[in-house]
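This report concerns only the one structure given below.
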Amino acid sequence: MRRVAYLLPLILVAPATGSAQLTPVSPAPALAPVNDVGYALNDWRRLRQGGNWSFADYARFLVAYPGWPGESAMRRSAERAMQPGENVATVVAFFRTQQPTTAGGFARLAEAYAAQGRSVEALLAARRAWSASGLSAVDEIALYQRFGGSFTTADHDQRVDRLLIDRDPTDAARLLASTSAARRPAFAARIAMQQRAPDTEALYNAVMARVTEDAGLMQDRARYLREANWQAAARQLLARPHRFTSLPVDPGKWYELKRIVAQEAYADRQYTLAYDIARQVDDALPVGSDLAAQPLQVRDEYTNLTWLAGTVAIRALGRPADAVALFDKYSEGGRSLQVLTKGAYWAGRAAAQAGQLQNATAHFSKAAAYPDLFYGQLAHERLGRAIPVPLGSPQMLVTPAQRSTFQVKPLVRAIRLLGSQGRRDEQALFVRALSEALDNDSDRLLATELSSQVGRQDLSVWTARSSRNGGSPFYFRAAYPTLPGGISEEYLWSISHGITRQESSFDRTAVSGAGARGMMQLMPATAQEQSGKVGVGYDFGRLTSDPSYNVMLGSSYFRRLLNQWDGNYVLAVASYNAGAGNVRKWVNRNGDPRAPGADVVAWIEDIPFSETRGYVQRVLENTVVYDRMNPRAVSPRQLSHFLGKARVG
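Residue numbers (our numbering): 2 to 650.
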C-alpha cells in the first residue's frame, strides 16, 4: 500500500472528488444459462479453472448453486473480481448468506448498502473494510472520501492496530495522528519496535505499564524480543497475568504467538512458564463470545492452548484439579464431537486423579454419549458399559415430500449425472459437498440410500463424518460399509475395515495426491513388493478396479507390520500411515508404549505428526465398531485390547 502513503494526508482535508475507477478486465466467454445441472457442471468447471470471469459471472452461479465443491475458493475469486460500481442488487444478494472475507468485499458491500439508502448497514460494512487486512489503496481512498466523516478515532485505532499486526508500520505511522490520544503512545512504541528505531526503548518504557492492558502492545513487544533472540524475556512477558482493555485485533494471530512460545517453553522443560502462557485463553475475545462461531484459526489455536495447558497441569505439574477446568475449556473450543469427547475424557481422568469421583463420572458419561469415537469408547470402558452395535437405520420415517425435495437438490442431481457419465473423480467432490450440506437425519438417511443407488459407499461414510464434525452423531450401520472379500484371517477383518474406512472411505477408485491407490490406499511400490511376498501377480490397474485384490494386498501388508511390532496395533497402524522408520524415532524419543506401565493413550497424543495422531485414533475407533459387526467374531473386543492396555479405559 506504499503508493497511497503520500495521498491520504491530503484526502483527510480535501473534499470528495468522485469514486475511483479500476481498469476493466477483458471479458470472458459468457456462461451458459443457469437452469440445468448439465449446463451448471460445465460452468462450474470453467469457473474453477479461473480466468477473466467477472464478479457477476461468479455471483450468478454461486447464488444459484450454493455449497458446490470449491465454493470457498470461487467466492474469494468473486471478491477479487469485484470493482467499484458493481450492480447493487447482485452485490447484496451475493453477501446475503455469507459475510465478505476480504476488505474489498466489505468495501463493495458498503457501496451497495449506501446506494440502497441503508446508511447504518453501509457504515458498519465500511468500518469492517477499514479495519480488515489487505485494504487496497484505491479502496482506502474511496472509503475515506465516502465515510471518513463518520469514522471515529476508535475506527482509526482499529485500522492502525490491524496495520501493525500485519507488520505495516509505514502506513500505521501515516495514520497515527488520527488515532485516539489514549492509544497513540502505545501505537508509536509499536511502530518504533517494528522499524527498529533508535528511540524504541524510550518509547516503550513510556507505555510499559500498559503492556498487560493492551494486547497489541504485548504482542508486538513479544515479537520484538523474539526477533532480538531474547526468548526468555518474551516468555516471561507472555506469562504475566493480564487483563486487556484493548483486545487483540486478530485473535487467531494472538493465540498463534502464545501457542508457539508456550510450546517452546514446554520443549525446554520450563513447564510453569509454558502453563502460565497457555492457560490464559480468555484474553482475546469479548466476554460471552461463542467460541463455536469463531473462525477456524481461532478455534484451532484456542484448543491447542487449552490442550497444552491441561496436559502440562496433569502430567508435569501435578495439578489435576486445574487440568479439569482446562480440558473443559478444550471441549468447548471446537465444533466437532472429536474435540468434545477428547476434552470430556481427559477432564474425567483429571477429576479422578484429583479425587473428584462424581465429577469424573459426569465427564466420562459426557464422552460416552458417542460410542463411535475413540474417547467415547474409552469412556465406555471407564464406566463399565458395553459399546452398542450401530443401528440398522435411523429411527424415523422419511415423508414423500422430504424424499421429493432431496431428489431435486442440485448436488444430488449432479452426483447422479456424473455417475452416468463415468466421471468418478468429479463425482467424489460432489459426494463430499453433499455430505457437508446435510443438516438433518432425514436427508442423511436419503444420502445413504443414494450411496447404494450410485455405487458410492463413500457417501455414507462422509455423511456420518460430516455429521459428527458438525456436532451431531450419526451412528448407523449404513455408515460402516463392508468389504467384498480379500481378507483371509479372521483377526484382520475388523482392522482391515477400520483402515479402509479411514484411508479411502470405501471409494475403490480413490487416488491420493501422493499416488496411493484404491480401498486401502496402497502405494504402487508397496503393492508390487507385497504381491511378490504373497505369491500373486502384480497388476497396477487392479489396485483401483478390483477391491478384493487391493484389500488382499493391503491386509497382508498390515499383517507384516503387526508382526514387525510384536502384535501391537498402535505401532502397526501408525506405521501404515507414517512409515515404520518414523515410528521407531517416536519410540526412541517418547518411550515404548508396549512397556509395562506406559500410558499408551498419552503416547498417541504425543505423536508429533497431527495427521498420524488422528489417523491412529480414527482407525482404532472404526475397528472397535467393526468388531461388533464382524460375522466371525465370537466376542467383540474393547478399544483397550487394540491399544495393548492392561487396564480398561
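The beta carbon of each residue, even a glycine, is placed where N, CA and C say it ideally should be.
Keep in mind the model is a prediction, meaning the values are calculated, not measured.
Residue i versus the options, residue with shortest Cα-Cα distance
i	options	result
Val653	Ala203, Thr527 and Gly499	Only positions 2 to 650 of the chain appear in the structure, and residue 653 is not among them; the question remains open.
Asp440	Pro411, Ser468, Lys646 and Pro609	Ser468
Val89	Arg119, Gln354 and Thr307	Arg119
Met553	Ile608, Gly217, Gly533 and Glu228	Gly533
Glu257	Trp131, Arg241, Arg224 and Thr449	Arg224
Phe62	Pro85, Ala368 and Phe95	Phe95
Arg619	Gly349, Val574, Leu297 and Ala599	Val574
Val325	Tyr371, Ala310 and Gln339	Ala310
Val601	Pro632, Thr613 and Leu644	Leu644
Ala108	Pro85, Gln99, Thr98 and Gly334	Pro85
Ser132	Thr153, Val121 and Leu306	Thr153
Arg160	Ala104, Leu327, Val208 and Ala116	Ala104
Ser78	Arg97, Glu87 and Gly106	Gly106
Ser394	Thr449, Gly580, Gly420 and Leu110	Thr449
Ala480	Gly486, Asp221, Asp459 and Ser366	Asp459
Ala581	Val455, Thr613 and Glu606	Thr613
Status (buried if at least 16 other CB within 10 Å, exposed otherwise) for residue i
i	result
Gly377	buried
Pro34	Per-residue confidence for Pro34 stands at a pLDDT of 49, beneath the threshold of 50, marking its modelled position as unreliable; the derived number appears in the next sentence. The residue in question, Pro34, is exposed, as its Cβ has fewer than 16 Cβ neighbours within 10 Å.
Val1	Since the first and last residues shown for the chain are 2 and 650, residue 1 lies out of range.
Gly650	buried
Leu392	exposed
Asn230	exposed
Phe667	There is simply no residue 667 to check, as the chain begins at 2 and stops at 650 in what is shown.
Val409	exposed
Tyr40	exposed
Asp1	The first residue shown for the chain is 2 and the last is 650, placing residue 1 beyond what the model contains.
Pro609	exposed
Ser290	exposed
Thr545	buried
Gly538	exposed
Pro30	Any reading at Pro30 needs caution, since the residue's pLDDT is 47, under 50, leaving its predicted position unreliable; the model's value is listed next. Looking at its Cβ environment, which holds fewer than 16 other Cβ atoms inside 10 Å, Pro30 is exposed.
Lys586	exposed
Asn53	exposed
Separation of residue j from residue i, as counted between CA atoms
i	j	result
Leu484	Leu274	51 angstroms
Leu604	Ala82	Checking the sequence shown, residue 604 turns out to be Trp, not Leu. So the two alpha carbons sit approximately 49 angstroms from each other.
Leu384	Ala363	10 angstroms
Gly344	Tyr616	18 angstroms
Phe431	Arg457	11 angstroms
Leu177	Phe56	35 angstroms
Leu358	Ser497	38 angstroms
Val26	Tyr145	Residue placement at Val26 is flagged as unreliable, the pLDDT there being 33, under the threshold of 50; the coordinate-derived value follows with that caveat. Computed Cα separation, rounded: 25 angstroms.
Ser513	Gln522	8 angstroms
Tyr114	Gln298	30 angstroms
Met194	Ala596	51 angstroms
Gln639	Tyr492	14 angstroms
Leu23	Gly135	Residue confidence for Leu23 is low, a pLDDT of 29 falling below 50, so the modelled location carries little weight; the figure read from the coordinates is stated next. Going by the C-alpha atoms only, they are around 17 angstroms apart.
Pro28	Asp58	Interpretation of Pro28 is limited by its pLDDT of 41, a score under 50 that renders its predicted location unreliable; the figure taken from the coordinates is listed afterwards. C-alpha separation (whole angstroms): 11 angstroms.
Gly472	Glu437	12 angstroms
Ala515	Thr312	34 angstroms
Ala187	Arg197	15 angstroms
Glu653	Ala369	There is simply no residue 653 to check, as the chain begins at 2 and stops at 650 in what is shown.
Ala233	Arg241	13 angstroms
Leu9	Gly253	Low confidence applies here, because Leu9 scores a pLDDT of 42, under 50, leaving its location unreliable; read the following figure in that light. Cα-Cα distance, rounded: 29 angstroms.
Glu333	Ala293	8 angstroms
Asp158	Arg185	8 angstroms
Ser556	Glu490	9 angstroms
Leu572	Trp566	6 angstroms
Arg244	Asn591	37 angstroms
CB contact flag (residue i, residue j, <7 angstroms)
i	j	result
Leu562	Tyr550	no
Arg509	Met520	yes
Leu165	Arg129	no
Ala317	Tyr346	no
Ser151	Leu125	no
Tyr331	Thr304	yes
Arg336	Glu302	no
Leu218	Val212	yes
Asn631	Ser495	yes
Tyr371	Leu418	no
Phe475	Arg433	no
Arg236	Ala216	no
Tyr558	Gln531	yes
Thr342	Leu374	yes
Should the region 389 to 405 be regarded as contacting the region 492 to 508, the criterion being three or more beta carbon pairs within less than 8 angstroms? Contact fails: fewer than three Cβ-Cβ distances are below 8 angstroms.
Contact between the region 233 to 248 and the region 274 to 284 is defined here as three or more beta-carbon pairs at a separation below 8 angstroms; is this criterion met? yes
With three or more C-beta pairs closer than 8 angstroms as the rule, is the region 60 to 70 touching the region 37 to 49? Short answer: they touch.
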